[in-house]
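Asks: Right, I'll just put the structure down here and ask away after.
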Amino acid sequence: MRRSMRTLFVLMIVAAIPVFSQAPPPDQKKIEADKLYNEGNSLFRAGNYAGAIEKYTSALALAKDFKYYYQLGLSYKQSRQIDKALETFEESIKLKSDFYQGYNALGGTYLTNRTYDKSIEAFKQALKYNPSLTAAIQGISEAYAGQAQQLVNDGKITEAGALVDEALDQHPNNPKLYLIAAIIYNKLEQPEKAIQAAEEAIKQKKRGSKGAEYFEIGIAHKKLKDYEKARAAFAEAKKDPTYSRNAQYELDGLKGK
């Protein structure tokens, strides 16, 4: 009985040997690529973006990894090579379709480039995979504000109005959006909405002058022929050096009314 058990034990050991021998050998290229990637990260943190680009590029020559592309994109962005940054962020997303940091970086780079429509779409994708990503929430609000201002500059006021309505519905915690909304509502002859938007912008604005907001409130009250409130708002706007001259011009025009 003991002999048969010893024989069985030996057979089990022999049977196990081929399983261990089938383990895949270490991927030496990936090991070297990871080493280069880590060296690139050290250079990136030190502000040596040219050196980091060289390391990440060498790593990608050995192995494709979404993290390598992402860091390479950040290095290009810091080096103000915007087109290359966009390309590499796109590559990182191709390798990992739910990589919200990649979408966020893409959105931020498009925002820097003032390509607002693409910036909004990229931030939407980032928020799809991480709805609480603060950077993407702030970024998309900035992109909406920029695109709305761009539409105003192009004379497309109705389109700008529809855009800010959509933006405020989805992202109601951005004073810059409310300010551009107030400007647009005044241009659309909707002074009541302009007043509400400008007052909300003042409420949310934590620092900085509020001349622009008070100026729009003044314009709205002037449209409503509520000249007393218009004067009060323009007087507040006048305290801001940027709006002092325009506010005084409006105050002069209200004399006798």
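Residue numbers for the sequence shown, in this note's numbering: 2 to 258. No residue lacks a Cβ here, since even glycine has one placed at the ideal position from N, Cα and C.
1) Rounded C-beta distance between GLN139 and ILE181? I'm assuming under 8 Å.
2) Quick one, are the C-beta atoms of ILE141 and GLY162 less than 8 Å apart?
3) Got a sec, what are the start and stop residues for the alpha helix (DSSP H) ARG232 sits in?
4) Rounded to whole angstroms, how far is the Cβ of ALA264 from the Cβ of ALA248, which I believe are closer than 8 Å?
5) Under 7 Å Cβ to Cβ from ALA62, same chain only, skipping five residues before and after it: list those, please.
6) Please report how far the alpha carbon of LYS207 lies from the alpha carbon of LEU169, in whole angstroms.
7) Just to check my reading of the structure: PHE90 and THR110 have Cβ atoms closer than 8 Å, yes? What is that Cβ distance to the nearest angstrom?
8) So GLY74 and ALA86 are in contact, right, with Cβ under 8 Å, and what is the actual spacing, rounded?
9) Between which two residues does the alpha helix (DSSP H) harbouring ALA91 extend?
10) Give the DSSP-derived three-state secondary structure of ARG208 in the structure shown.
11) Using CA atoms only, rank isn't needed, just tell me which of LEU107, GLY48, ARG46 and ASN42 is closest to THR58.
12) Suppose you measure from the CA of ALA183 to the CA of TYR101; what does that come to, to the nearest Å?
13) How is PRO176 classed by DSSP in three states: helix, strand or coil?
14) Could you check how far apart the C-beta atoms of ALA202 and GLY219 are, in whole angstroms? I think they sit under 8 Å.
15) Would you tell me roughly how many angstroms separate the C-alpha atoms of LYS68 and LYS78, rounded to the nearest one?
16) Pick from LYS224, TYR179 and SER120: whose alpha carbon is nearest that of LEU255?
17) Rounded C-beta distance between ALA137 and PHE124? I'm assuming under 8 Å.
Replies: Inspection of the coordinates gives the following:
1) About 15 Å separates the CB atoms of GLN139 and ILE181; that is not less than 8 Å, and the two are not in contact.
2) At least 8 Å separates the beta-carbon of ILE141 from that of GLY162.
3) Counting along the chain, the alpha helix (DSSP H) containing ARG232 begins and ends at 228-239.
4) Residue 264 cannot be examined here, being either before or after the span of the chain that is shown, 2 to 258.
5) So the list is empty, once near-sequence residues are dropped.
6) Each residue's Cα considered, the two are about 18 Å apart.
7) The C-beta distance from PHE90 to THR110 rounds to 7 Å, short enough to fall under 8 Å.
8) Yes, they are in contact, since the Cβ atoms of GLY74 and ALA86 sit about 5 Å apart, within 8 Å.
9) Residue identity differs from the one stated: residue 91 is Glu in this sequence, not Ala. Residue range 83-96 is occupied by the alpha helix (DSSP H) that includes GLU91.
10) The DSSP-derived three-state label of ARG208 is coil.
11) Of the candidates LEU107, GLY48, ARG46 and ASN42, the one whose C-alpha sits nearest the C-alpha of THR58 is ASN42.
12) Straight-line measurement puts the Cα of TYR101 at about 32 Å from the Cα of ALA183.
13) Judged by DSSP in its simplified three-state form, PRO176 adopts helix.
14) So it is not a contact: roughly 14 Å between Cβ atoms.
15) The C-alpha of LYS78 is placed about 15 Å away from the C-alpha of LYS68.
16) When only C-alpha atoms are compared, the closest one is LYS224.
17) Sure, about 5 Å apart at Cβ, within 8 Å.
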